[in-house]
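Let me begin by presenting the structure, written as structure tokens, before commenting on it.
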Amino acid sequence: MSTRADRVHRVCLVSHSGRDGGAERSLVDLIDSLTGRGVEFRVVLPEEGYLTSALEVRSVPYVVHRYWPWCRRGALPWWDRFLKKPLAHAMRALTVARSIRRWRCDVVVSNTLTICEGALAARLLGLPHVVWAREFGDRDHGLDFEWGPRLSMRLLGLLSARVVFNSMAVARHYAGQVPASRRRVIYNAVRVAAMAAPTPPAAPGPFSCVLVGNLSPGKGQGDAIRAIARS
76 MSTRADRVHR VCLVSHSGRD GGAERSLVDL IDSLTGRGVE FRVVLPEEGY
126 LTSALEVRSV PYVVHRYWPW CRRGALPWWD RFLKKPLAHA MRALTVARSI
176 RRWRCDVVVS NTLTICEGAL AARLLGLPHV VWAREFGDRD HGLDFEWGPR
226 LSMRLLGLLS ARVVFNSMAV ARHYAGQVPA SRRRVIYNAV RVAAMAAPTP
276 PAAPGPFSCV LVGNLSPGKG QGDAIRAIAR S
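No gaps in the numbering here: position 198 of the sequence shown is 273 in the numbering used here, and each next residue is one more.
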């Protein structure tokens, strides 16, 4: 007779895209790291692309449901912000919830704070929800939450058993909206096995700095390069 400790736990990952990006690659790394360690994965995503191909290679079941982020660039009319958009998110959450229930998942993890369907679906099903906050939203991508950053993050914090931040900076940014008991900081892992070990310098000299991530203005690689040049 199997016990709760030795049974397989099934996790539903909800992604905001199927593209080849840092969050999506980190999702794949999470699957690779935990598969075979008492965890199975199912994935919900809004489009096909890099991520669906990666899941097929790994034989991870997934489903594509059309939904969109609850934050955007630019202002929205009040009827869209407080009526049309909330109804649309609720309807899409019902669709996501049906897939999660069919898979008989134990926990729901949203791979970004830019979507709310995973949190709403988990609440409908009475399942614990975890959101992995991988971005500031406003500072890095110029995004504005449809219901405003404070109300949106407070709601996400209430709907989530844990809010995991990928850095202390992002955690501090939303500290006022998420209770301390639910905040956790977990840095993204980086695989280094394939990297060649650097040769130690014969004498003290310039230090080496590795910037891991896609090149984009919002990630601040230019700021890092300018800061190192001035040091």
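Ideal Cβ placement from N, Cα and C applies to all residues, glycine included.
Just so it is clear, the structure is predicted and the values come from calculations on it, not from any experiment.
Outcome for residue i when other beta-carbon atoms lying within 10 angstroms are tallied against a minimum of 16
i, result
"S77", "Interpretation of S77 is limited by its pLDDT of 43, a score under 50 that renders its predicted location unreliable; the figure taken from the coordinates is listed afterwards. Exposed, by the Cβ-count rule."
"L286", "exposed"
"R65", "Absent from the structure is residue 65, since the part of the chain shown begins at 76 and ends at 306."
"Y262", "exposed"
"R82", "exposed"
"L162", "exposed"
"P292", "exposed"
"M228", "buried"
"G113", "exposed"
"P203", "exposed"
"P144", "buried"
"V265", "exposed"
"L105", "buried"
"A194", "buried"
"V132", "exposed"
"C191", "buried"
"S174", "buried"
"C146", "buried"
"A129", "buried"
Residue(s) in a DSSP beta bridge with residue i
i, result
"D219", "R147"
"Y137", "V118"
"R88", "Reading off the sequence shown, one finds Leu at residue 88, where the question assumed Arg. Looking at the DSSP assignment, L88 forms a beta bridge with V118, V184."
"T110", "V114"
"R100", "None, per the DSSP bridge assignment."
"R258", "V238"
Whole-Å CB distance - residue i paired with residue j, under 8 Å assumed
i, j, result
"L126", "A172", "Not really, about 21 Å apart at Cβ, beyond 8 Å."
"R209", "A98", "5 Å"
"E123", "G93", "5 Å"
"L72", "R198", "Residue numbering for the chain in the displayed model covers 76 to 306; residue 72 lies beyond these limits and cannot be assessed."
"R237", "R257", "6 Å"
"G232", "V253", "4 Å"
"R327", "V239", "Beyond the ends of the chain as shown, which are 76 and 306, falls residue 327; an answer cannot be given."
At least three beta-carbon pairs within less than 8 Å, the segment 112-130 to the segment 83-95: Judged by Cβ distances under 8 Å, the segment 112-130 makes contact with the segment 83-95, as three or more pairs qualify.
Ordered list of beta strand (DSSP E) runs contained in the segment 169-238, each at least 3 residues: DSSP runs (the beta strand (DSSP E)) wholly in the segment 169-238: 182-185, 204-208.
Inter-stretch contact at 8 Å, needing at least 3 Cβ pairs: the segment 150-160 / the segment 186-200: Counting Cβ pairs under 8 Å, fewer than three are found: no touch.
Cβ contact (3+ pairs, closer than 8 Å) linking the segment 218-225 and the segment 144-154: Contact between the segment 218-225 and the segment 144-154 is present, because at least three Cβ pairs lie under 8 Å.
Complete runs of the beta strand (DSSP E) confined to the segment 281-305 [at least 3 residues]: Counting only runs of 3 or more, we get nothing.
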